[in-house]
Each structure stands twice: as structure tokens, then as C-alpha cells.
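Okay, so here's the structure we're looking at.
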Amino acid sequence: MTESNNPLDRPYEKEIRKLFYEQQLTLVIVDDDPTGTQTAHDVPVLGHWTEQAFLDEFMNKTPLFFVLANTRSLTQREATARAREIGQNLRKAAEHTGRRFLVISRSDSTLRGYYPSEVEALSHGAGAGNLPTLLIPAFFEGGRITEDNVHYIVEKGEKIPVSETVFAQDKSFGYSNADLTKWVEEKTGGRIPQEAVKSLSISDIEQGEKAIFDRLDALGEDDVMVINNTTYRQLEKTCLALHRLIKKGKGFNFRTAASFVSAFSGMGPLAWHPQNRPSFSGLGGLIIVGSYVKKSTSQLEQLLKKQGIKAIPVAVEKIIAAVISNEAYLQELVKNIETCLTSGIHPVVYTSRNLISGDSPEESLAIGEKVTGFLVNLVKNINIQPAFFIAKGGITSNDIAVKGLHMKKGMVLGQIIAGVPVWEMGEETRFPGMPYVVYPGNVGDAESLARVYDLFTANPTK
27 MTESNNPLDR PYEKEIRKLF YEQQLTLVIV DDDPTGTQTA HDVPVLGHWT
77 EQAFLDEFMN KTPLFFVLAN TRSLTQREAT ARAREIGQNL RKAAEHTGRR
127 FLVISRSDST LRGYYPSEVE ALSHGAGAGN LPTLLIPAFF EGGRITEDNV
177 HYIVEKGEKI PVSETVFAQD KSFGYSNADL TKWVEEKTGG RIPQEAVKSL
227 SISDIEQGEK AIFDRLDALG EDDVMVINNT TYRQLEKTCL ALHRLIKKGK
277 GFNFRTAASF VSAFSGMGPL AWHPQNRPSF SGLGGLIIVG SYVKKSTSQL
327 EQLLKKQGIK AIPVAVEKII AAVISNEAYL QELVKNIETC LTSGIHPVVY
377 TSRNLISGDS PEESLAIGEK VTGFLVNLVK NINIQPAFFI AKGGITSNDI
427 AVKGLHMKKG MVLGQIIAGV PVWEMGEETR FPGMPYVVYP GNVGDAESLA
477 RVYDLFTANP TK
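In terms of the working numbering, the sequence shown has 145 at position 119, counting the first letter as 1, and numbering is strictly consecutive.
What follows is the structure, given as C-alpha cells:
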């Protein structure tokens, strides 16, 4: 049989799914922003991390769920404390229920986030002790691959080391190295030198499951291993060995992007189409764009060319400079949005495109928090349920869902386009049953956001 060159082909999906369910455990994905659901469907996503929330899922023997930690919006100290708290509550819930669990620290496929502190805090909080850590930032749906230990973004057939992209220049999470062995040394401040970082190469993987098993089994406490892969087929081969190692009692810490979650659980993607949603009697849908990355701006420009839309810019300078409340400005925007929604027009609310940064990572995070807080208050004041809601940007979509819509538990319905998940808002939320699109800042081409809008508006259910 000739092997496919399609990186998204999943030849071992059914076999892995069987192994996963035979483990009789719950896979808990602690997400540093809400885009980890990019490859999942029909699973819960929790907007809080109380012991009771975990008890409920463990008592129900939920096979897999996501926790929205949103740690990328915090300082390192706050993020580490939150990761530890989540781990501790998972451990307590497991002790009460007897349910085994495996925890994954899911982070950005372009290497932004708090590594290693977040992974270590989560693991120690969960009582896992000192375990080898596997680095697997692959996100094939978004063209993120790792080869010869170098992490790449593939765009138009060209492999670009992530260190040469805008993501490496992030004011809070920037880095210099795309070679993950050097990246580990950089991120640990030299505590783990490059030569100490292990590697599972693609040639190792192609030797077969025994070779993979032996390489992973030989890892000692606190070892770090880069897992290379350019296709789901390679990653699934690694997951077959992992399942057998875990079954025999070997433990691991995981720092991964979204594709590993799908590969390890045997969960294939599920295309979701808005035609399945109920009608909302001609109301408009709401789109909020908070992400500043260049790709988001180009997508916004294409969206604003569409029919049926009203552009509503939000002046970031006005929000940041305000010493007193922005209440009058906020209410003016709310009125504008509600008028659009009731008229069947689709308001596109977007932050002004000039990125304002602070003099330090902490100052930049604080500015972002202030802007996102304003968008959250905006959503809190909207009293008309939109027909649909598209939130663009990881932190933006997290805070709007959890703080603006008061989501405690949603369901991942599937993907409206590759890498773009849709959630259904729970009954406890301000807008129950509403489809909520979590659109990552760095996914798709220039037309993708407009394409999602078209899917909601071109053939609405009558």
C-alpha cells in the first residue's frame, strides 16, 4: 500500500481510539488560550477550574475535556500559580472519585507561552512528580511542523523557521531559536542546556513502533524530548507507542499544540455547518476582532468588504488613555451594536489596528488586559442575543466567553473551517445555545474570516 503524502491523513485513528478508551482515564487539556479546541468535537470546554467542576466530569467518566486557563493573558507568576491550582484541584477530584487522568499543557503552535514554569507547576500540582517532558508543538491544520528539531510554519509550500516570523517578536513571549533544543536552553535560562535535550527524529519514527517505544521508555526524570513530525501519520505512530507505555505505568508531561490532542485521543475532525443551527428570526450576528497580528488585520480588511456588515471601530488610544470610566463611549457603542442586530445587520467591532506596547512584557500584558476588559464590558452590556458570534483572537475569545457571556461549560461542536472551532454556549450563559466561533489570530488565509461570515449569512435557515 502506498502511503499518502497528505499530512492530515489519519491511518491509525481507529486503532488509537480503541487504545485510548481502553485506558479508562480522562484526558484533561489545560489550554493557555481557547484555541486548543481546534481539532476537537463533541467534548466539554470548562470556563472555570474548581474542584467541583472536575468532580462532575470525573464522576461522569468524561473521556476528554478542556480547561480554559487563559494563562497567556497573565504574568508569569500569576500563570504559574493558576497552573498549580488547576493541577491541585484535578488531583483532589481524582482522589475523591478514583478516576485516573492524564493532563496536557496545551499551548501555542508558534511557541508563545510560559515554558517551562507552567508545565512544571501543573505537573507538581497534579501530584505527577518529576516526569520526562515531551515537546510536540505540531499543528498540521495550520502548517506547523517540526523537522530536524526545527519548528516551521509552512506557507504556500515554503518552510519558514518560526524564529523568522512575527510570533517570535511577541512583546511578552518572544524568542530567538526555532531549533527546539536551543529553544529549551533559551527558555530555561541555560538550566537545561541544548545538548541535554533529547530528540525523537522522523527517522526514529519510521523505524517503527518498537524503536519509538524504546526511545521514549529510556527517558529519565526531568528529561526533555523534542518529538519531530511533519504528518499525522508520524504523530500517530508515536501515540501508539505512548499508549502502550502509559498502560505499563510510564508517565510523561506534555507541552503540545492542538494536533497532539486529536492524534492521542483518536478524535478526527468534524466539519460543522451553520445550516444545522436554529433560526434567530432575522437578527444580525456579532463579530469582534481583537487580535493584532498581521494575518488578522488582512482578514479584517477582506471581511469589511462584504455586504450586510457595519464596521464599528474601537479606539484603543481612547481606552488606554482614559483616567475615568469609558461608560459614555461604551454605551454609545452598545446602542450602535444593538441597532444593527435588531435590523439584521452584522456589526463588526474591531480594535484600531496600531499595536500599542509597553516598555516591558508586563506593561504590554497590562495594556492588552485593559483593551480586552473594555471588550468584555461591551459584551456584558449587550442585551440582544446575536444570531451568531465570531470572536477573533485567543485572549479576546476566551475573556468574552468566560467573563462577558459567563460561560462555565460549553460544548465543542466541531470546526467551521480547518483550525477554527465552534462552541455551543451552555444554559448558564447570557446567550444560551448561541454558536460561538473561536477564531485564532494566526489561522487561515486573507479570505478565511470572510468565508466563515459567508457560511453564516449566505444560506441562513428559514
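Heads up, the beta-carbon is just placed ideally off N, CA and C, and yes, glycines get one too. Note that the structure is predicted; figures quoted are calculated from it, not measured.
- Residue pairing from DSSP leaves K40 without any beta-bridge partner.
- Contact between the stretch 310-326 and the stretch 155-173 is not established, with fewer than three Cβ pairs separated by less than 8 Å.
- M293 sits in coil when the DSSP states are folded into three classes, being neither helix nor strand.
- With a cutoff of 8 Å on beta-carbon distance, L72 and F91 are scored as near each other.
- Look at M85 here: in three-state DSSP terms it is helix.
- Excluding five sequence positions before and after P339, the CB atoms of its chain that fall closer than 7 Å to its own CB belong to Y376 and S378, given in chain order.
- At a Cβ-Cβ threshold of 8 Å, V478 and I442 count as neighbours.
- Take the alpha-carbon of P163 and the one of G308: they are about 42 Å apart.
- In the three-state DSSP reduction, E221 falls in the helix class (H, G or I).
- Here E262 is buried, its C-beta having at least 16 other C-beta atoms within 10 Å.
- The C-alpha of I313 lies about 8 Å from the C-alpha of K418.
- A residue is called buried when at least 16 other Cβ atoms come within 10 angstroms of its Cβ; H299 does not meet this threshold and is exposed.
- For secondary structure counted as the beta strand (DSSP E) over 3 or more consecutive residues, the stretch 415-450 holds these complete runs in sequence order: 415-418, 435-443 and 446-450.
- Take the alpha-carbon of L367 and the one of Y462: they are about 16 Å apart.
- Nearest to T97 by C-alpha distance, out of D230, L431, N424 and V464, is N424.
- Judged by DSSP in its simplified three-state form, K263 adopts helix.
- C-alpha of T264 to C-alpha of Q333: approximately 47 Å in a straight line.
- Straight-line spacing of the CA atoms in V188 and S202 works out to 9 Å.
- Contact check for V438 against V69 passes: the beta carbons are separated by less than 8 Å.
- In the DSSP secondary-structure assignment, E181 is bridged to E184.
- Residues of the same chain with a CB within less than 6 Å of the CB of I335, apart from the 5 flanking positions on each side, are H372 and V374 in chain order.
- Taking all protein chains shown into account, V464 has 16 or more neighbouring C-beta atoms within 10 Å of its C-beta and is therefore buried.
- If the five residues before and after K276 are omitted, its C-beta is found closer than 7 Å to the C-beta atoms of D243, all from its own chain and listed in chain order.
- When the beta-carbon positions are compared, Q49 and K273 come within less than 8 Å of each other.
- Closest in C-alpha terms to D196, from the list S149, Y140 and Q233, comes Y140.
- Within the DSSP bridge table, the entry for S131 names V56 and R281 as partners.
- Across the set K434, D471, A284 and S369, the C-alpha of K434 shows the shortest separation from the C-alpha of R456.
- In the DSSP assignment, the residues bridged to I253 are L226.
- Counted as a single uninterrupted DSSP element, the stretch harbouring H372 is not any alpha helix (DSSP H) but the beta strand (DSSP E) occupying residues H372 to T377.
- If you draw a straight line from the Cα of A413 to the Cα of G310, it is about 6 Å long.
- Here V129 is buried, its C-beta having at least 16 other C-beta atoms within 10 Å.
- Bridge pairing for D205: V176 [DSSP].
- Leaving aside the five residues that flank E211 on each side, the residues in its chain whose CB is nearer than 7 Å to its CB run, in chain order, I218, P219 and Q220.
- Assigned with DSSP and collapsed to three states, V469 falls in coil, not helix or strand.
- Nearest to V223 by alpha-carbon distance, out of T214, G234, S198 and V252, is V252.
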